[in-house]
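Using the numbering used here, the first residue of the sequence shown is number 11, and each one after it goes up by one.
We put the beta carbon where it would ideally sit given N, CA and C, even for glycine.
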Amino acid sequence: MRLLPALKNPRFSRRQISALTASMIALTLACPTVLTVRTALADEPVWIYADSLVGQVKYKPGFEKFDYVNPDAPKGGTLRLGETGTFDNFNPVVGNSKGNVAPGLGLIYERLTTQSLDEVSSQYGQIADARHYPADFSSVTYRIRPEARWQDGTPITAEDVVWSFNALIANDPQQEFYYSHVKKAEVTGEREVTFTFDQAGNRELPFICGEVMVLPKHWWTAKGADGQPRDISKTTLEPPMGSGPYKVKSFEVGRTLTLERVADYWGAKLPFGIGQNNFNEYRYEFFRDDTVELEAFKGDNYDVRIEPSAKNWATQYDFPAVKDGRVVLEKFPQIKQGSGVMAAFIPNLRRPLFQDSKVRLALTYLFNFEEINRTVFFGQYEHIDSFYYPTELASHGIPDGRELEILKEAKARGPVPDEALTQPYKNPVGGDVTAFRTNQREALKLFNAAGWVIEGNKLVNAKTKAPFKFEFLINSPADERIALPYQAALATVGIEMSIRTVDSSQFVNRVRSRDFDMIHSGWAQSLSPGNEQQEYFGSDAADKDGSANYGGIKNPAVDYVIHEIIYNKGREDLVAAVHALDRILLWNHYVIPGWTLSYDRLAHWNRFSYPDPLPKYSYGLPTLWWFDAAKAAKTGGKS
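Set out below in structure tokens:
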């Protein structure tokens, strides 16, 4: 299951690696059970109002609101948010393949279901009020709420859902992979849409079909404000019409975007709307780089900053507004409690230079995390040693039981190092000079075994004499603090790593088209990995521009284990399969593992309040927060 940011079209950026969007929640996969007892006859579908992939849903039929909201939260005020870069597109359908999609579209468009923030794995109706599916999970039918409306007052229809689904998979490579096992979507009743799957047994598919973003067919197939037909396959700067609680008020590309609350939002008094969407306006301010953005925050040019930099957190928040309490610094562990992550240096395996796993392991030996954590990160980070770090899905110890069986089955199909079956994975440990020299020697042994030798202080190919050099692509000058220590470490064994800084648009386009040698990026993981693993690591995604298989992994063993994950027989079977996949990815050294935090760092001007307690898996920014007039009066300000 994919984690879903509320404010942006799903894109895993540098900032998302360090601090996942607050509306993301983690979901865990097992045999679906719900509160509704399935006792009807086989030919009589049982409509269910909510669904869970683990155990029973928390909220009973007819519940009024989620426990974590403040139903009396005042409505009003403006929340100003900072963004690095720019945008040139309001079309979320092509947001992963074309242009730079605007933030906040998750507040304009809605999905069939919504996910509660205080449960691991439960969905409740949003645009749809119920669903049903057969015992073999071969299809799912969703029923559209009769009160669901577009912002022009037109009812949302089953035709809208089918049209949206087809548009998504036709124009978004990530969605195409995510829903690759959905054979078709069709209208099967006045307010009913059915998704039919290519085979039975995929327990996750009925659930994730509820994540489909729904767009207004009648609006997208009509003429735009310029008199020309709209085209869902192209970018657009025409303000969109959705069904959500906000709409575009005004914008200036490269500078600002303002969303305003929809006064007659159809879902305001339904359980998923009560106590949420409390600001009258969201205003996004755009900055050319993170350094400028931080200074703008200090100058009270926007309100809330998710701090991605350990150095900034340690050294840049001693200005007067922090000292006198007008700016509040907080750490929130909620999101990290229910999600995993792999953030890493990702070599492009499509390049011959990186195709030997011994080379990739040698590069791992030369990444001195302990030294960088001490000198650059102020000791704040943890070294990642799993693609599902630090959840129960992370492999550990020696594989046995079903996990070992899966590994042996996978090894018969593709590259699975022997160590994956016999040893726990451990990152090289650096730090002091002695430890790093030991790692240098190990790296040189690996390079020599792969056909690389030192000649004249340069690492060269023993046969061709070509030097070992590559480009590290980044999209912010702030990332140079990460790149420079690694560059210096590589230079000690004769490797030339150049650092290329480009703007956000060029970075996105080069990553999409695979025009890079190495980047720093990664993958957010829910507690229920499933169909999205095909897009992350599957062979079919490797040559698909815009997919999240950034490095170009092609391994039949990986494909086999992903199949076992998707068609698991229950939670225990799922965990075993994910452990196996984790080991195969780690022991093939597809990435140089990076670092992460166990909490999000948040600085905000003291003009806001939020529920106490917050939900377990989110700190609720921005949808649960509200403008606090009393605090604002003391802080002084601009909201």
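- The Cβ atoms of F637 and T88 sit closer than 9 Å to each other.
- In the structure shown, the three-state DSSP call for D61 is strand.
- By a beta-carbon distance limit of 8 Å, L417 contacts A430. Their separation comes to about 6 Å.
- With respect to the 9 Å criterion, I394 and A354 are classified as neighbours on the basis of their beta carbons.
- Exclusion of the five residues before and after Q286 leaves V79, T633, L634 as the residues of its chain whose Cβ lies within less than 7 Å of its Cβ.
- Look at the stretch 538 to 620 and you find these whole runs of alpha helix (DSSP H), each 4 residues long or longer: 542 to 547, 549 to 552, 566 to 576, 581 to 597.
- Per DSSP, N311 has no beta bridge partner at all.
- Taken in chain order, the complete beta strand (DSSP E) segments of 3 or more residues contained in the stretch 389 to 450 number zero; there are none.
- By a beta-carbon distance limit of 8 Å, G264 contacts T96. Their separation comes to about 4 Å.
- L454 carries a helical assignment under DSSP once its states are collapsed to helix, strand and coil.
- The C-beta distance from K108 to T325 rounds to 39 Å, too long to meet the 8 Å contact threshold.
- Taking Y546 as the centre and dropping the five residues before and after it, the same chain places the C-beta of W533, A558, N559 closer than 7 Å to its C-beta, in chain order.
- Proximity to S132 across A567, A551, S536, Q544 peaks at S536, based on C-alpha coordinates.
- In the same chain as K341, and ignoring 5 residues on each side of it, the C-beta atoms closer than 8 Å to its own belong to Y609, D610, R611, L612, in chain order.
- Rounded to the nearest angstrom, the gap between the Cα atoms of F329 and Y629 is 25 Å.
- Taking the C-beta atoms as reference points, N181 is found nearer than 9 Å to S243.
- Taken through DSSP and simplified to helix, strand or coil, L631 comes out as coil.
- The beta carbon of T268 is closer than 8 Å to those of V258, K259, S260, F261, E291, Y292, R293, Y294 in its chain, skipping five residues each way along the sequence.
- Contact fails between the stretch 116 to 131 and the stretch 183 to 190, because fewer than three Cβ pairs, one in each stretch, are under 8 Å apart.
- When beta bridges are read from the DSSP output, K479 appears opposite E506.
- Under DSSP, the beta-bridge partners assigned to M223 are R121.
- Closest by C-alpha distance to I154, out of H191, K194, G199, is G199.
- Per DSSP, F175 is one residue of the alpha helix (DSSP H) stretching across 168 to 181.
- About 6 Å separates the beta carbon of E392 from that of W605, a gap short enough to meet the 8 Å contact definition.
- Where T198 is concerned, the enclosing beta strand (DSSP E) starts and stops at 192 to 199.
- By the neighbour-count criterion, in which a residue is buried when 16 or more other Cβ atoms sit within 10 angstroms of its Cβ, L339 is exposed.
- Residue pairing for Y294: DSSP places it in a beta bridge opposite L91, L267.
- One alpha carbon belongs to K85, the other to D310, and they sit about 22 Å apart.
- By DSSP's assignment, R141 forms a beta bridge with I58, Y152.
- For W533, the enclosing beta strand (DSSP E) covers residues 528 to 535.
- Nearest to M223 by C-alpha distance, out of V337, I594, G105, is G105.
- Shown here, A353 sits in a strand according to DSSP, grouped into three states.
- I58 and A168 have their C-alpha atoms some 18 Å from each other.
- Bounds of the alpha helix (DSSP H) holding K644 are 639 to 645.
- Within 10 angstroms of the beta-carbon of D208 lie fewer than 16 other beta-carbons, which makes it exposed.
- Going by DSSP, E340 is part of no alpha helix (DSSP H) but of the beta strand (DSSP E) stretching over 337 to 342.
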